[in-house]
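K.L.:
Residue numbers (numbering that gives the first Met the number 0): 0 to 116.
Glycine included, every Cβ here is placed at the ideal spot set by N, Cα and C.
Values in this document were obtained by computation on a predicted structure and should not be read as measured data.
First, the structure itself, so that you have it in front of you.
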Amino acid sequence: MLEYAEALFAQSNFTITVAVLAAATCAYAVGNFLSSWLHMVCLFPGLLLGTLTAIDISNRFGLLVGREKDQKILIVGVSGLVLALLLHFIVYDLFTWLLSYNRRAHRELIERSGDRQ
Numbered sequence: 000m001l002e003y004a005e006a007l008f009a010q011s012n013f014t015i016t017v018a019v020l021a022a023a024t025c026a027y028a029v030g031n032f033l034s035s036w037l038h039m040v041c042l043f044p045g046l047l048l049g050t051l052t053a054i055d056i057s058n059r060f061g062l063l064v065g066r067e068k069d070q071k072i073l074i075v076g077v078s079g080l081v082l083a084l085l086l087h088f089i090v091y092d093l094f095t096w097l098l099s100y101n102r103r104a105h106r107e108l109i110e111r112s113g114d115r116q
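The structure is reproduced here in structure tokens:
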């Protein structure tokens, strides 16, 4: 795992800069939209890793070659950012749903629905 993390951050300066700026901008925008600085702090590392991972995977498969390499890095970085953001919100919603589970209220709801049948 440590070797993969070292490989992620051993990419070119352009790739690291694009990933950091995209992750910081997206984390700031979502944090301002939700009015929560904690979302900004929690989102930034995940979005950065998602962006760098998408760029690294596409680089390993040989998709980042040719004259338009910088444009491809931008496109792959944004798509990795969007996927990481989507994954974050799915996990966040699942986590809040699990925390809000109330056994007594759920049992009462089941009993009431069973009485109607």
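So what's F32 in DSSP terms, helix, strand or just coil?
P.N.:
Numbered from 1 along the sequence shown, position 33 holds the residue referred to as residue 32. Correct three-state label for F32: helix.
K.L.:
Would A53 and V75 be called neighbours here (beta carbons separated by less than 8 Å)?
P.N.:
Here residue 53 refers to the residue found at position 54 when the sequence shown is read from its first residue. Here residue 75 refers to the residue found at position 76 when the sequence shown is read from its first residue. Cβ atoms of A53 and V75: closer than 8 Å.
K.L.:
Do the segment 82-93 and the segment 38-55 meet, that is, are 3 or more Cβ pairs less than 8 Å apart?
P.N.:
Short answer: they touch.
K.L.:
Could you name each continuous alpha helix (DSSP H) segment of 4 residues or more that falls completely within the segment 11-73, going from the start of the chain to the end?
P.N.:
DSSP runs (the alpha helix (DSSP H)) wholly in the segment 11-73: 12-33 and 36-59.
K.L.:
Quick check on the DSSP output: the alpha helix (DSSP H) that includes A9 runs from which residue to which?
P.N.:
Taking the first residue of the sequence shown as 1, we reach residue 9 at position 10. A9 -> no alpha helix (DSSP H), and no H or E assigned at all.
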